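Have a look at this one:
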């Protein structure tokens, strides 16, 4: 997702300013020497400077199409693929405790592979075999308590 | 020394370590052979397993996997003109041209043998240089360690990047991440937003899996080229003609071995940069530079020697000073801390058998590279046919479970996802990810040594330059930052003197 350097630079300037502002209430060491605030404040300041320079550099070599290119992303299948990945992980985080790893993992793998044009039966077979392999490795060998959910045993 | 050697050998000759080497070698060969999966990503995906291992197998797994992966990147470079890892990009054209001329076996045979020789050279330098440097490092105080960390981070930004400004921003982000959690002076919670999970800082393993694993998946999924062209190679006699070619171009190997190791020692510069510089050097010393890019053997010999030599070189500053030489050793330092081991000169005195086990594992991995590499080349056509539209979702699932496994926490999965989005966004906009990792790893070292030094010196900044070694390191750091401006200053001075 390429966006213009001006926007990137502005984003870093804002982030740097927020980081610095976030340290304003941090306590000092004795004799008023800076303590926990020193490093983040310095980093925030440097982020503002570097971000500003990147932003100014972006203004010089500005490609106006980049500023609005992200508005057309919803039509880009590659971008939609990436959104599927993000959606899959967020869904996993939200639902895994209730549904359990085996069902959730199989569902997510099937959806992602379907999106990438794997044949449905192949996707289902791969998802079941792979997730059971992962389950065996992590739960039985490494003793990681993956959520059991609906299929708890 | 003999005792330590025996101790190191003893640690390696157990069935679980031997099995680890075997499995991780195969894993490294697979990852390297599949375009889009990098050695750094493979190291990040290994992290959840190293968490459950003893220190020796954990370290050995990284050594054997990375050595094999860097070589295996040459396989798709030669067969389908797509480098398996960025380290093979420099000589992809030459290797592929050789394949088109019906010399794929020669290209791959040279790759595997020269990679092995390069790796062995790097390992020998690691074995000799690291203990010597460790003795010097024993005299270091917080002032020297602060400057070492600062120098390492400066080199990452100024030397190892095409855009120092963007690399600088990436570094600031990494350093900022390192400040999250309880601070070292007062134990005050910084940027935790009331979250108990963040009190100990951002968890290193999910962060690495996100930055190198999820971001790669996003990049691959956002690529139109999920299906690779396939090719059949009858690689039965890959060593035929290799000896003659390597002897003919031995000077390239003799130059590229030390060059690659040196670049590995430089913080921030990894195997890909070593390969590109070795390629440029091979061209400079070649009698037939016009053949480069058209199926020349010289660049393959030079660059593939350098990228494997670089791997062991990167372990020198990582083990001796705790300053990573590349992204893989940045992850390694995280593993050492996770195992309760503090990288630095003390590790040579307190656990010499562990250090010797690392030395020997480098030698073993690079010797195993020849038979394992031979087998990988034999099955390369099959490996290249693994459909990436199945592989990528499967790796994503692995990333999710691996991140969860460390603390059995969904919060870590969220951290992984956030870091994955960040890594993808950074790469897409020309912001390198390696400085973020180095910032996360070196941030606490930088801050802790700075604060300790300031409190020791009663906030007198001049103390940072009063000790000779600290002064030299400080000067080098300043020079690193001043380097881009030096040519202009010299030109102006010359112009001024010419006009007077």
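Protein chains in written order, with our numbering: chain A, 3 to 155; chain B, 90 to 589. Virtual Cβ for every residue (Gly too), placed ideally from N, Cα, C. All figures in this text were calculated on a predicted structure; none of them were measured in a lab.
Under 8 Å from the C-beta of residue 503 (chain B): neighbouring residues of chain A
95
Under 8 Å (Cβ pairs) to chain A, residues found in the stretch 466–495 of chain B:
476, 478, 479, 481, 482, 483, 485, 486, 487, 489, 490, 493, 494
Cross-strand partners of residue 278 (chain B) (DSSP beta bridge)
B:271
With distances taken Cα to Cα, identify the nearest neighbour of residue 231 (chain B) among B:552, B:580, B:568, B:572.
B:552
Please state if the CB of residue 268 (chain B) and the CB of residue 42 (chain A) are separated by a distance shorter than 9 Å.
Taking 9 Å as the Cβ cut-off, residue 42 (chain A) and residue 268 (chain B) qualify as a contacting pair.
So which residues of chain A does residue 536 (chain B) contact, with C-beta pairs closer than 7 Å?
41, listed in chain order.
Just checking, does the stretch 380–392 of chain B make contact with the stretch 256–273 of chain B on the three C-beta pairs under 8 Å criterion?
Under the Cβ criterion (8 Å, minimum of three pairs), the stretch 380–392 of chain B does not count as touching the stretch 256–273 of chain B.
Consider the Cβ of residue 431 (chain B): report whether some Cβ of chain A lies at a distance smaller than 9 Å.
Not closer than 9 Å to any Cβ of chain A, the Cβ of residue 431 (chain B) fails to qualify, so no.
Residue 374 (chain B) versus chain A: which residues are under 9 Å apart at the beta carbon?
Under the 9 Å cutoff, chain A gives no residues; its nearest Cβ is about 37 Å from residue 374 (chain B).
Would residue 550 (chain B) count as contacting chain A if we go by Cβ distances under 9 Å?
no
Interface positions of the stretch 511–527 of chain B facing chain A (Cβ-Cβ less than 9 Å), listed along the chain
513, 514, 517, 518, 519, 520
Secondary structure at residue 90 (chain B), three-state DSSP: helix, strand or coil?
coil
Cβ separation of residue 98 (chain A) and residue 54 (chain A), assumed to be a contact under 8 Å, to the nearest whole Å
Wrong, their Cβ atoms sit about 42 Å apart, outside the cutoff.
Whole-Å CB distance - residue 87 (chain A) paired with residue 306 (chain B), under 8 Å assumed:
6 Å
Just how far apart, CA to CA, sit residue 621 (chain B) and residue 100 (chain A)?
Residue numbering for chain B in the displayed model covers 90 to 589; residue 621 (chain B) lies beyond these limits and cannot be assessed.
Kindly say whether residue 272 (chain B), judged by its beta-carbon, lies nearer than 9 Å to any beta-carbon of chain A.
Residue 272 (chain B) counts as touching chain A.
Mind checking if residue 568 (chain B) is an interface residue toward chain A, Cβ cutoff 9 Å exclusive?
With its beta carbon at least 9 Å from every one in chain A, residue 568 (chain B) lies outside the interface.
Any heavy atom of the ligand ATP closer than 8 Å to the CB of residue 531 (chain B)?
Among the components of this structure there are no ligands whatsoever, and the ligand ATP is therefore not found.
Where does residue 123 (chain B) sit, in a helix, a strand or coil, going by DSSP?
coil
Using alpha carbons as the reference points, say which of B:421, B:236, B:327, B:453 lies closest to residue 153 (chain B).
B:453
By the 8 Å beta-carbon criterion, what residues does the stretch 237–255 of chain B contribute toward chain A?
Within the stretch 237–255 of chain B, the residues whose Cβ lies closer than 8 Å to some Cβ of chain A are 254, 255, listed in chain order.
For residue 143 (chain B), name the three-state secondary structure that DSSP assigns.
coil
Under 9 Å, do residue 345 (chain B) and residue 370 (chain B) count as touching if we go by C-beta distance?
Closer than 9 Å, so yes.
To the nearest angstrom, how far is it from the Cα of residue 275 (chain B) to the Cα of residue 545 (chain B)?
Put simply, the backbone Cα of residue 275 (chain B) is about 16 Å away from that of residue 545 (chain B).
If you reduce the DSSP assignment to three classes, tell me which class residue 373 (chain B) lands in.
helix
Tell me whether the stretch 104–118 of chain B and the stretch 135–148 of chain B touch, counting them as touching only if at least three CB pairs, one residue from each stretch, are closer than 8 Å.
Taking 8 Å as the limit for Cβ pairs, the verdict is that the stretch 135–148 of chain B does touch the stretch 104–118 of chain B.
Rounded to a whole number of angstroms, what is the C-alpha to C-alpha distance between residue 363 (chain B) and residue 173 (chain B)?
C-alpha separation (whole angstroms): 16 Å.
Residue 495 (chain B) and residue 180 (chain B): beta carbons closer than 9 Å?
no
For chain A, find out if any of its Cβ atoms is closer than 9 Å to the Cβ of residue 257 (chain B); answer yes or no.
yes
Assuming residue 128 (chain B) and residue 120 (chain B) form a contact by the criterion Cβ under 8 Å, report the distance between their Cβ atoms to the nearest whole angstrom.
7 Å
Counted within 10 angstroms of its Cβ, other Cβ atoms place residue 589 (chain B) as buried (16 or more) or exposed
Because residue 589 (chain B) carries a pLDDT of 46, less than 50, the predicted location of this residue cannot be relied on, and the following value inherits that uncertainty. Exposed.
First and last residue of the alpha helix (DSSP H) that includes residue 442 (chain B)?
441–467
Reduced DSSP category for residue 583 (chain B) - H, G, I as helix; E, B as strand; rest coil:
Residue 583 (chain B) falls in the helix class under three-state DSSP.
Pull out every residue of the stretch 119–131 of chain A whose Cβ sits closer than 7 Å to any Cβ of chain B, in chain order.
119, 120, 128
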